[in-house]
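Q: After the C-alpha cells below, expect a handful of questions from me.
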Amino acid sequence: MPRLIGLTYSLIMVLALSACEKTDNPDQESGEQPLEHDVYFSSNRTGNFEIYHQANGSVSPLTTNTNFDSWWPRQSPDGNTMLFYRTAISDRPSTGGHNNNYENAALWSLNLSTGELSELIPKGRYAWIAQGVVDWSPDGSQLVMAAQQADTQLWHLFLTDSTGNNPIQVSQRTSLFLDPSFSPDGTQITYVAYPTDYFGFDVSRLEVFTASLNGSNEQRHTFDNVRDHDPYWSPDGRSIAYESAVNPEYLGVGQWALRLLDIETQTVRSILDDGEINTLPRWSSDGTVLYFHRLVFGSEYGFRIAKVNTDGSDMQIISSGGNYDDTDVDWYRYPPE
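Written out as C-alpha cells, the structure reads:
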C-alpha cells in the first residue's frame, strides 16, 4: 500500500535519470518482452487508469470510462467477478498517485461474463473516509479490506460479505492496520500494523502480523524496524511474501525488496533485492512464482509487471512498457465451464 505510483514521471524519473545510469540488463529495460502471461493489471497507458487483461500475446481493456481512474483488480476465486476501486478524475489529488486515491475510492465489481458493473461500497459509506486493498476469501464468500473511520481517524481491517455488505471490524487495538489478505484455508488473515507497544506515526515501524478472523490470536512475524507492506500467503500456507523498504530514503521514494517469511521457522529471506522498486507480490497458483510491479531507476519506462521464481531466479518483465505505469497485478483464474 505504499504511495509510490503516480510519481514515476513527475518525481521519480526526474530524480532517477539524473542520479542513475541506465542498466544494460534486457530483462529490466527492454520493451520487447513476451506477453503470453495471463494476468490482470491496472495501467494509465491511455491517460487515466483502467483495468486490463493480458493474454495470448495481446492486451485488452476491461474498463473504459475516461471520467474515472480504475485500479486494484482482484478476480474472484470462481473466476466470474472482478473487484476494483474507482475514483473520479475530478477527485484526483494534487500530488501523489492516481491509482491509490483511497480517500475518494469506491469499491466496484465487474461481471466478467456480461460486463455488468456494480458499485458495492460507495465513497463515504459506513462512515469510512478512506478505503482500499480489498481481497477475496478463498471460497469467495467474504471480502477483507482496510478502511479509515471518520470518528477515530484510524485505519482498521474489516470483513464483509461478497457484495461489500455487513461490515465487521476485525482489528481491535489502537494502531495502523493495512494490507489484509486471507490464509489459503480462510481461517486467518495476514496484514501489516504497528507493534503492540508502539503508538507513534513512523511508517518504518509497520510489521507483518497474522490473526484469526475475529482479530484474536494476533502474532507478530517481522522484527526488522523496516517498513513492510502487502503480505500474501503462499498457496500451501507455509510462507508469506511481502515487500520491504530496504533503503527508504533513496531518491525520496526508497528501494523496495521482495521478501519471504517462513511461518514455521520464523525466518526471513530476500527474493529480489536489487536496488529497484519491487512491490505488491502475488502468488502463482502452484506457489513457484511471484507476480509484482517493478520500477527500474534510470529506465525510460515506468512501472511494469514482472515475475520472479520464489527462489529469486529468472526475473522477467512481462508487460510491454512505455512512459506509463502498469501496476496492481493479479493472476488470471479461468472461470468454470
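In terms of the numbering used here, the sequence shown has 57 at position 57, counting the first letter as 1, and numbering is strictly consecutive. Glycine residues also receive a C-beta, built at the ideal position from the N, C-alpha and C atoms. On a predicted model such as this, the values are computed, not experimentally measured, just so you know.
1. Give the list of continuous beta strand (DSSP E) stretches no shorter than 3 residues that lie fully inside the segment 184–228.
2. Among the candidates D328, T64, V246, whose CA atom is the shortest distance from the CA of F292?
3. Taking 7 Å as the limit between beta carbons, can you name the residues of its chain near Y198, skipping five residues before and five after?
4. From S212 to M315, what distance separates their C-alpha atoms?
5. Could you check where the beta strand (DSSP E) with P61 kicks off and where it finishes?
6. Spatial neighbours of T187 within its chain, please: CB distance less than 8 Å, with the 5 preceding and 5 following residues excluded, ordered by chain position.
7. Looking at the strands, I want to know which residues DSSP matches up with I271.
8. Rounded C-beta distance between G237 and A245? I'm assuming under 8 Å.
9. Between which two residues does the beta strand (DSSP E) containing T66 stretch?
10. Contact check, G140 vs P77 under 8 Å by CB: the rounded distance?
11. Along the chain, where does the beta strand (DSSP E) containing E50 start, and where does it finish?
12. Excluding five sequence neighbours on each side, which residues of the same chain lie with their C-beta closer than 8 Å to the C-beta of N247?
13. Which same chain residues end up closer than 6 Å to Q169 when comparing Cβ atoms and leaving out the 5 residues on each side of it in sequence?
14. How many angstroms separate the CA atom of W128 from the CA atom of T222?
15. Along the chain, where does the beta strand (DSSP E) containing Q142 start, and where does it finish?
16. Alpha carbon to alpha carbon, how far is N100 from V59?
17. Could you pull the start and end residues of the beta strand (DSSP E) that I121 belongs to?
18. Three-state secondary structure (DSSP) at Y324?
19. Going by DSSP, what residue range makes up the beta strand (DSSP E) through Y242?
20. Which residue marks the beginning of the beta strand (DSSP E) containing N309, and which one marks its end?
21. Considering only C-alpha positions, which residue in the set Y85, W136, F68, G115 is nearest to Q75?
22. Using DSSP bridges, identify the partner residues of Q169.
23. Going by other Cβ atoms of all chains shown within 10 Å of its Cβ, with 16 needed for buried, is G321 buried or exposed?
24. Between the Cα of V226 and the Cα atoms of G215, V203, Y52, which residue gives the shortest distance?
25. Using the rule of at least 16 other Cβ atoms within 10 Å of the residue's Cβ for burial, across every protein chain shown, is A150 buried or exposed?
26. Suppose you measure from the CA of T160 to the CA of L117; what does that come to, to the nearest Å?
27. Less than 7 Å between C-beta atoms, sequence neighbours within five positions excluded: which residues of the same chain meet that for A387?
A: Working from what's here:
1. 188–193, 207–212
2. D328
3. R205
4. 34 Å
5. Segment 58–61, the beta strand (DSSP E) holding P61.
6. S212, L213
7. Partner(s): none; I271 has no beta bridge.
8. No, G237 and A245 are not in contact; Cβ-Cβ is about 26 Å, not under 8 Å.
9. Neither: T66 is in no beta strand (DSSP E) and is coded neither H nor E.
10. 4 Å
11. Where E50 is concerned, the enclosing beta strand (DSSP E) stretches over 50–55.
12. G254, Q255, G275
13. H156, F158
14. When rounded, the distance between both Cα atoms is 29 Å.
15. 142–149
16. 22 Å
17. 117–121
18. coil
19. That run of the beta strand (DSSP E) goes 239–247.
20. Per DSSP, N309 belongs to the beta strand (DSSP E) from 304–309.
21. Of Y85, W136, F68, G115, the residue nearest in Cα terms is W136.
22. Beta-bridge partners assigned by DSSP to Q169: F158.
23. buried
24. Comparing Cα positions, the closest option is V203.
25. exposed
26. 19 Å
27. Residue coverage of the chain in this structure runs from 1 to 337, which leaves residue 387 outside it and unanswerable.
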